[in-house]
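Report on the following structure.
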Amino acid sequence: MPPLVSTVRAMWERAFYRRTTLGHLLEHPGDDSGSPLAASATPVSFELRAPARAILQVYAAVDGDADARARCEIAVVSGAPPRSRVLDLTSADGWRCLRLRLGAPPGRIVRVELRATAADSRTPAPAVRWREPALRWRRTAADIWRSFLVGVSTHGVQGLISRTQSATVSLDRRRRDFDIWRRRQTPDPAALARMASDAASLSMRPAFAVLVHAGATGPVALARTLASLERQAYRQWEAYLCGVDSGTDNSSRVHRATGGDDASARNDAIARTAADFVLSVAAGDELAPHALFEVARALNDDPRADVVYSDEALIGADGAVMPRFKPDWSPEYLLARMYVGRLLVLRRTAVRAAGGYRAGFDGAADYDLLLRVTAPCRREAPRVVHLAQVLYEGRTRDVGDEAERRVLADFCRSQTVEAIVSRGAVRGVWRVQRQLRERPAVTLVIPTQGRVGDTPAGRQPLVAYCVRSLLERTNYERFEILVVDTGRLTPDAEDALADARCRRLHHDATGPFNFSRTINVAVTATATPVVVLLNDDVEPIDADWLSAMLEYALQERIGAVGAKLFYPDGRLQHVGVATGVCGVAAHLLHQHSGGSLACDGIAASVRNCAAVTGACLMTRRAVYDEVGGFDERLATDFNDVDFCLRARRAGYRIVYTPYARLYHHESATFGPRRQQPGDVEQVRRTWGDALMHDPYYNANLSRAYADCRLDV
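Residues in the sequence shown are numbered consecutively from 1491, following our numbering.
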């Protein structure tokens, strides 16, 4: 389909239909790939809030031998008249779609089961895989018109078009953009000649030892890698071939490392070389011609750096090249995945101090070494430099899943951290679930003006529904709720606060409404070491949401923790905030599908962010007091962003966790209101150009969109 046609079609679909994936509701864990559910013969169930005239669809596939047969069924079991759709499948059929009209009144909570039984009663039921369910329904004219009016009043016509296009960029379009970007960024022969000349004038000329591990590759792949080294504009390098039984390249720069295994060969090379820095390259992968020059120049800018890494491009099985644009140093992200990637340059003395490479971690050896080199228990914090340039090109390879899990488990033991390491929702992403050594009391601070709105339980005060859902769906035992009333509560809201864990603070402020002042008054009235700022229209999805946030908030150098927030229809509302995007700041992947794997799967991974939303923000009271709470000059907007920026300036990190999941019943249109010009001006006056330098949002990405597209 031509790109223009596909874009128009996607925008039409977005304008007149709603479609949302429902992976955030599933009680069954995902498999390695993060898209289909793990094979199972047991029912998979979930609840959803039904839109009008909605159709639920799900794909099923049968595991097992060619003659394996199963009867796959999607069924409504409560919340609407019982109904089901059945499809008989064999393992040879592949993925097939089941569709079922829910038949429930709008807003009704419906429970759905995905079942698999034996097609033949004489044989056991085979395991069945279910792809992530999705809902699709036609929008009402009133909904479309309301969205348009709010979108235009908030962002203007051009801004509304840009935000609509943000969710319609195809994979092919991203690949074409990368081709354009790469042609612009690749130095021509004249530029490479200038780099070679400039290299001679560098005040420090570090030498590099390149460890080329051949593995099971052949001579052609090895020759490709060595040729890329010979093309380097910076010439202070030598190569050591690891895993090559005999023979060496004719070049005097190339040597053969010896050892019974890959780790031993690498350590042999490290022991023999006099180079200042070492890096590993898989045979068949290539360094860009200016790669070592850019690393050397970065080391001149920061001579104390222990680690340098860059962006990279990966070649898929179909030959398509896709970039991986990475954030700057992100310690929490590193414990969730080996995001640093292939071009990893390490100071040789730091490698030796960490004990070098270890046997038994094939497929994750660099991950293991990097964690030990940058371990927080070392006497000096590591200095890590990220080069926002694509300097490495490699073939996609199978992730060393089991090796990575063992690396993380071993690292946690070495740091005396009690944790369970398990697979995340995306292949290559891990959950390091820390066990809480302490269980401090927590205050949930909920400011409210007593608004009444539609909830799954009917029309009622939003704060009443919020409080009841928190009491019912929070399994952490030591918490209290402080509702800060800036308006007048209805009897129903007061009834919700009758629980012993709730108390009410009436804040009768004079003058214009000031959200920051309300928050500061409320936090001052708390006596617990941890506070959570919550909007009065949030609702937990999982009962362990509070524990998931505490895993990070209790760490000494973490200043604030944010949650994964969904709109009621399953679209993403918050997975972290980037500054300098769409103006002052923006929610990444805003309104994308709840199961979105865009931006390298960032929605599914713990990671560091510039800021997190105050709709659900956990912090220690000591941190809140140290940075001065919310800035009352920011009455309405960006007070949460400003708080996080001040916490980072004080040396704290901000963390987003996808394992604390809540609904946020904020308007799911393009924003409920226009940003306050005074707040925009104030935050820009306070932070200036710093807003445009978000270390966790790659410099090559567009600041006009919040979907990590390239700036072309």
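Beta carbons: idealized from backbone N, C-alpha and C, even for Gly.
Note that the structure is predicted; figures quoted are calculated from it, not measured.
- Given that a residue counts as buried once 16 or more other Cβ atoms are within 10 Å of its Cβ, and exposed if not, what is Asp1610? exposed
- Option nearest Thr1980 by Cα separation, candidates Val2013, Leu1960, Gly1940, Thr2016: Gly1940
- Item | Same chain only: Cβ atoms within 6 Å of Arg2136, ignoring 5 sequence neighbours per side | Val2117
- Message: What does the alpha-carbon distance come out to for the pair Asn2098 and Asp1735?
- Response: 43 Å
- Message: On the CB-based measure, 16 or more other CB atoms within 10 Å of its CB, does Pro1623 come out buried or exposed?
- Response: buried
- Task: Counting only the same chain and skipping the five closest in sequence on each side, list residues whose C-beta sits under 8 Å from that of Gly1524.
- Result: Low confidence applies here, because Gly1524 scores a pLDDT of 37, under 50, leaving its location unreliable and the question unanswered by this model.
- Message: Residues in the same chain with beta-carbon distance under 8 Å from Asp1583, minus the five sequence neighbours each way, listed in chain order, please.
- Response: Ala1551, Val1552
- Message: Looking only at its chain, what residues have a beta carbon closer than 7 Å to the beta carbon of Pro2030, apart from the 5 residues adjacent to it on each side?
- Response: Ser1959, Leu1960, Arg1963, Thr1964, Leu2152
- Considering only C-alpha positions, which residue in the set Trp1635, Pro1595, Leu1546 is nearest to Val1602? Leu1546
- Task: Run through the region 1880-1926 for me and flag every whole alpha helix (DSSP H) of 4 or more residues, listed as ranges in chain order.
- Result: 1891-1904
- CB contact below 8 Å: Ala1540 versus chain C: No chain C is present in this structure, which holds just one protein chain.
- Query: In angstroms, rounded to a whole number, what distance separates the CA positions of Ala1931 and Thr1707?
  - Reply: 56 Å
- Item | Alpha-carbon spacing of Trp2177 relative to Gly2073, whole angstroms | 13 Å
- Task: Let me know the secondary structure DSSP gives Ile2031 once reduced to three states.
- Result: coil
- Message: Quick check on the burial criterion: 16 or more other C-beta atoms within 10 angstroms. Buried or exposed for Gly1850?
- Response: exposed
- Query: Who does Ala1931 pair with in a DSSP beta bridge?
  - Reply: The partner list for Ala1931 (beta bridge, DSSP) is empty, contrary to what the question assumes.
- Query: Should Ala1747 and Leu1731 be called a contact, given that it needs their Cβ atoms to be closer than 8 Å?
  - Reply: yes
- Where Pro1679 sits in the DSSP three-state scheme: helix
- Task: Kindly give me the distance between the Cβ atoms of Gly2070 and Arg2193, rounded to whole angstroms, as I take these residues to be in contact under 8 Å.
- Result: 6 Å
- Quick one: does the C-beta of Arg1896 sit closer than 7 Å to a heavy atom of the ligand ZN? Although the ligand ZN was asked about, the structure shown includes no ligands whatsoever.
- Message: Here's the rule I'm using: 16 or more other beta-carbon atoms within 10 Å means buried, otherwise exposed. How should Pro2002 be labelled?
- Response: exposed
- Task: From the DSSP output, read off the bridge partner residues of Thr1580.
- Result: Arg1559
- Looking at C-beta atoms only, is the number of pairs between the region 1779-1799 and the region 1688-1695 that lie closer than 8 Å three or more? yes
- Message: Along the chain, where does the beta strand (DSSP E) containing Cys1992 start, and where does it finish?
- Response: 1992-1996
- Query: For Lys2054, which residues does DSSP report across the bridge?
  - Reply: Arg2151
- Message: Less than 6 Å between C-beta atoms, sequence neighbours within five positions excluded: which residues of the same chain meet that for Val1875?
- Response: Ala1788, Asp1792, Ala1795, Val1798
- Query: Residues in its own chain within less than 8 Å of Asn1790 by CB, not counting five upstream and five downstream?
  - Reply: Leu1692, Ser1693, Met1694
- Item | Closest by C-alpha distance to Phe1668, when choosing among Glu1802, Gln2166, Leu2107 | Glu1802
- Item | Residue from Glu1967, Asp1975, Gln1925, Arg1666 with nearest C-alpha to Ala1440 | What is shown of the chain runs 1491 to 2202, which leaves residue 1440 out entirely.
- State buried or exposed for Cys2198, treating a residue as buried only when at least 16 other CB atoms are found within 10 Å of its CB. buried
- Task: Check each candidate in Ala1615, Gly2049, Ala1781 and name the one with the smallest Cα separation from Gln1675.
- Result: Ala1781
- Please report the Cβ distance between Leu1995 and Ala2017, rounded to the nearest whole angstrom; I am assuming they are in contact, meaning their Cβ atoms lie under 8 Å. In fact, because the Cβ distance is near 13 Å, the residues do not count as touching under 8 Å.
- Query: How many Å lie between Gly2060 and Leu1836 at the Cα?
  - Reply: 42 Å
- Name the one or two DSSP bridge partners that Gln1950 has. Gly1943
- Task: Return the Cβ separation of Ala2076 and Val2067 in integer angstroms, given the expectation that the two are a contact with Cβ distance under 8 Å.
- Result: 7 Å
- Item | Of the residues Glu2041, Ala2100, Ala1606, the one placed nearest Ala1909, counting alpha carbons only | Glu2041
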